[in-house]
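>
Number of protein chains: 2
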Amino acid sequence: MRVPKTAELVAASLRRVIIRGELEPGDALPPESALMEQFGISRPTLREAIRVLESEALISVRRGVHGGARVNAPDPMVAARYLGLILEYRGTTLGEMFQLVASIEPPCVRQLAGRHTPSGIGRLHEALATEEEAKDDPAALAEAKAAFHATLVELNGNRAMLALHETLQCIFYQAKSPHIATGGKTGTRRDHEEHVKLVKLIQAGEADEAEAHWRRHISRMEKELNASGANTRLELLD
Amino acid sequence: MRVPKTAELVAASLRRVIIRGELEPGDALPPESALMEQFGISRPTLREAIRVLESEALISVRRGVHGGARVNAPDPMVAARYLGLILEYRGTTLGEMFQLVASIEPPCVRQLAGRHTPSGIGRLHEALATEEEAKDDPAALAEAKAAFHATLVELNGNRAMLALHETLQCIFYQAKSPHIATGGKTGTRRDHEEHVKLVKLIQAGEADEAEAHWRRHISRMEKELNASGANTRLELLD
DNA sequence: AGTTATTTGTTCGTATGTATG
DNA sequence: CCATACATACGAACAAATAAC
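For the protein sequence lines, the chains are A and B, in the order given.
All residue numbers for the first sequence refer to UniProt numbering, where the first residue is 1 and numbers rise by one.
All residue numbers for the second sequence refer to UniProt numbering, where the first residue is 1 and numbers rise by one.
The structure is reproduced here in structure tokens:
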């Protein structure tokens, strides 16, 4: 006999309101007293529900006079946390993670070269410019390069792919950060040049060549990763 | 000043114990009274933490004399729930979901044909046999076909890919179930035959041909999906 | 700058329900 | 069927933080 607990029902009800968009990010939930009355429950029970939604980052709660719970948009970082839990539990390695991300991008590049738009090409040139600007700041450069990869997926127009790519990037960079701190000699200049070449191939509409070029690019990055710890297991907690 | 709440700290602490494998699935957590003492917190605060972990399906709580919280292995369905939340919030369609799953499998097939093992081939034949047995039961057949697809990814040996594939399947079949109930005329026989042909190509080591065959197979499934509602948005709640 | 009102964070005590033996 | 052990839920109270006055 599966009897759902009150707090879960309340959490699910509030979650539905948020996901359906009936409450937009920034909007405030009613204060505890109002919610208690609305659902006909006591304060501890309500707070259990509130805590669940807060752990999903769907709301953030502040104390004080104009405090209360405010709505956030669903965050890929949270999905990354749950997916990362499974991966860490199963002993997944950094190399496997990389392989996965790597298998997503080439098909995107192919399709992008097949049907590129002026605005899309513009976005890619912007991303390249951002890389160029950040060439002296290692942290900013890493971010700019990640943004370029993300743009490739975004321009594809598939929202599922983009959301997944964002999620995987969260896991990957969170897991990789300790390795970056130590052996942070990424072949930055060559990376940028290969990005530039990719945009040219896309602009020329050479789908096969663009995809192959991108596979080589990723394959090279994979070799660099293998040099340091591709076999190290994910460590996302603490 | 970001001050983490007590309940979140307790939840994180218990979560770490579970993910690290210090408590195995089936093991019982100490009773509430013991945990209250161990963390030096009151019952309501502890219950908030317990409720969070329960919402992540990392524990399940039963009442009664030998009740209490018992540990579960991390479940891809939970990652699916949250990733699904993001997708639904962003208005993702069933067609986009399908495209995503579809982009994962062909590379797996290619690699599988390149370096197949006797045990792997055995597993595929088992999956085919299960399909054959279930040919008269629509529900079982759908499950068997999904299992065949999962086996392709599993044999690839990449744990990240497998976990992701499981997660996406959860979302996809949960979202698709209403459509299956209505227009459930899947080209079952032809599907099975194409599965059989794929195994032959893998066994023969013809990587290019196997990948191409699988792309055609998926492309055909996509057309069937387009006939019904590929443009319908995901509806995972309720 | 200090006071105060509002709202959440935390605790205690108590009563109820449920499964086990 | 009863007693026990445990989680579920409620109510009332105090502590702490925040923003407005």
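Every residue, glycine too, gets a C-beta built ideally from N, C-alpha and C.
Is it right to say B:LEU237 is buried, meaning 16 or more other beta carbons lie within 10 angstroms of its own, or is it exposed?
Taking the second sequence and counting its residues from 1, one reaches residue 237 of chain B at position 237. Exposed.
> How should B:ALA129 be labelled, buried or exposed, when 16 other C-beta atoms within 10 angstroms of its C-beta is the threshold for buried?
Locating residue 129 of chain B in the second sequence gives position 129, counting from the first residue. Flag for B:ALA129 reads exposed.
> Using CA coordinates, which residue listed in A:ILE59, A:PHE98 and A:PRO107 is at the minimum distance from A:GLN169?
For the purposes of this step, residue 169 of chain A is taken as residue 169 along the first sequence, with counting starting at 1. Nearest C-alpha to A:GLN169: A:PHE98.
> Does the beta-carbon distance from A:ARG159 to B:GLY91 come in below 8 Å?
Counting from one through the first sequence, the residue named residue 159 of chain A turns up at place 159. Counting from one through the second sequence, the residue named residue 91 of chain B turns up at place 91. Contact: yes.
> Between the segment 66 to 75 of chain B and the segment 28 to 37 of chain B, do three or more beta carbon pairs fall short of 8 Å?
Verdict: yes, contact present.
> Measure the alpha-carbon distance for B:GLY183 versus B:GLU132 and round it to whole angstroms.
Indexing the second sequence from 1 puts residue 183 of chain B at position 183. Indexing the second sequence from 1 puts residue 132 of chain B at position 132. Interpretation of B:GLY183 is limited by its pLDDT of 41, a score under 50 that renders its predicted location unreliable; no figure is taken from the coordinates.
> I'd like to know if B:GLY183 contacts chain A, where contact means its C-beta is closer than 8 Å to some C-beta of that chain.
In the second sequence, counting from the first residue as 1, residue 183 of chain B sits at position 183. Because the pLDDT of B:GLY183 is 41, which lies under 50, any placement of that residue in the model is unreliable, and the number read from its coordinates should be weighed accordingly. Not one chain A Cβ lies under 8 Å of B:GLY183.
> Give me the subset of the segment 163 to 175 of chain B whose CB atoms are less than 7 Å from a CB atom of chain A, sorted by chain position.
Within the segment 163 to 175 of chain B, the residues whose Cβ lies closer than 7 Å to some Cβ of chain A are ALA163, LEU164 and THR167, listed in chain order.
> Can you tell me which of the three DSSP states A:VAL153 falls into?
In the first sequence, residue 153 of chain A corresponds to position 153, counting from 1. It is helical.
> Enumerate, from N- to C-terminal direction, the unbroken alpha helix (DSSP H) stretches of 4 or more residues contained entirely within the segment 75 to 161 of chain A.
Counting only runs of 4 or more, we get 76 to 89, 94 to 114, 118 to 133 and 138 to 155.
> Tell me whether B:ILE171 sits in a helix, a strand or coil according to DSSP, three-state version.
Counting from 1 along the second sequence, the entry for residue 171 of chain B is found at position 171. Three-state result, B:ILE171: helix.
> Apply the 10 Å Cβ neighbour rule to A:ASN226 and answer buried if 16 or more other Cβ atoms are within range, or exposed otherwise.
Against the first sequence, residue 226 of chain A aligns to sequence position 226. A:ASN226 is exposed by the Cβ-count criterion.
> Taking all protein chains shown into account, do 16 or more other C-beta atoms lie within 10 angstroms of the C-beta of A:HIS125, making it buried, or fewer, making it exposed?
Position 125 of the first sequence, counting from 1, holds the residue named residue 125 of chain A. A:HIS125 comes out exposed.
> Can you tell me whether A:ALA11 is buried or exposed? The criterion is at least 16 other CB atoms within 10 Å of its CB, across all chains shown.
Here residue 11 of chain A refers to the residue found at position 11 of the first sequence. A:ALA11 is buried by the Cβ-count criterion.
> Of the choices A:LEU53, A:GLU37, A:THR45 and A:VAL109, whose alpha-carbon is the least far from that of A:ALA207?
For the purposes of this step, residue 207 of chain A is identified with residue 207 of the first sequence, where counting begins at 1. Nearest of A:LEU53, A:GLU37, A:THR45 and A:VAL109 to A:ALA207, Cα basis: A:VAL109.
> Any heavy atom of the ligand NAD closer than 7 Å to the Cβ of B:ALA129?
For the structure depicted, the ligand NAD is absent and the ligand set is empty, with no information on it obtainable.
> Distance, Cα to Cα, A:SER55 vs A:ALA142?
Within the first sequence, residue 55 of chain A is the residue found at index 55, counting from 1. Within the first sequence, residue 142 of chain A is the residue found at index 142, counting from 1. Roughly 29 Å between the two C-alpha positions.
> For B:VAL71, write down the residues that DSSP places opposite it in a beta bridge.
For this step, residue 71 of chain B is matched to residue 71 along the second sequence. DSSP, once it has assigned bridges, lists B:ILE59 as partnering B:VAL71.
> Using the rule of at least 16 other Cβ atoms within 10 Å of the residue's Cβ for burial, across every protein chain shown, is B:GLY205 buried or exposed?
As a working note, residue 205 of chain B is residue 205 in the second sequence. Classification for B:GLY205: exposed.
> Going by beta carbon distance, what residues of the same chain come within less than 7 Å of A:HIS195, once the five residues before and after it are set aside?
Here residue 195 of chain A corresponds to residue number 195 of the first sequence, with the count starting at 1. Counting only Cβ-Cβ distances below 7 Å, and skipping sequence neighbours, we find LEU128, GLU131 and PHE148.
> For A:THR151, decide whether its Cβ has a neighbour in chain B, counting only Cβ atoms nearer than 8 Å.
Residue mapping note: residue 151 of chain A aligns to position 151 of the first sequence, counting from 1. Chain B contact via Cβ: absent.
> Does B:ARG216 get closer than 8 Å to chain A when you measure Cβ to Cβ?
Within the second sequence, numbered from 1, the residue matching residue 216 of chain B stands at position 216. Chain A, which has no Cβ nearer than 8 Å to the Cβ of B:ARG216, makes this no.
> Would you please state the rounded distance, in angstroms, between the beta carbons of A:ILE104 and A:HIS165? I believe it to be under 8 Å.
Working through the first sequence from its first residue, we reach residue 104 of chain A at position 104. Working through the first sequence from its first residue, we reach residue 165 of chain A at position 165. That pair is a contact at about 6 Å.
> Pair every Cβ in the segment 71 to 89 of chain B with every Cβ in the segment 40 to 47 of chain B, then say whether three or more of these pairs are closer than 8 Å.
Result no; under three Cβ-Cβ pairs closer than 8 Å.
> Smallest Cα separation from A:GLU209: which of A:ILE18, A:LEU198 and A:LEU85?
Numbered from 1 along the first sequence, position 209 holds the residue referred to as residue 209 of chain A. Nearest C-alpha to A:GLU209: A:LEU198.
> Kindly indicate which three-state DSSP category A:ARG20 falls into: helix, strand or coil?
As a working note, residue 20 of chain A is residue 20 in the first sequence. Reduced to three states, the DSSP call for A:ARG20 is coil.
> Going by the CB atoms, is the gap between A:ALA113 and A:LEU201 shorter than 8 Å?
Looking up residue 201 of chain A in the first sequence gives position 201. Looking up residue 113 of chain A in the first sequence gives position 113. Result yes, Cβ atoms of A:LEU201 and A:ALA113 sit closer than 8 Å.
> State buried or exposed for B:ALA181, treating a residue as buried only when at least 16 other CB atoms are found within 10 Å of its CB.
As a position in the second sequence, residue 181 of chain B is number 181, starting the count at 1. Note that B:ALA181 scores 45 on pLDDT, short of 50, meaning its location in the model is unreliable and no value can be drawn from it.
> Please confirm if A:GLY40 has its CB atom under 8 Å from at least one CB of chain B.
Looking up residue 40 of chain A in the first sequence gives position 40. Closer than 8 Å: no.
> Is there a C-beta anywhere in chain A that falls below 8 Å from the one on B:GLY67?
Here residue 67 of chain B refers to the residue found at position 67 when the second sequence is read from its first residue. Taking Cβ atoms only, chain A never reaches closer than 8 Å to B:GLY67, which makes this a no.
> Return the residues of the segment 12 to 42 of chain A that lie within a Cβ-Cβ distance of less than 9 Å from chain B, sorted by chain order.
Those would be ALA12, ARG15, ARG16, ILE18, ILE19, ARG20 and GLY21, in chain order.
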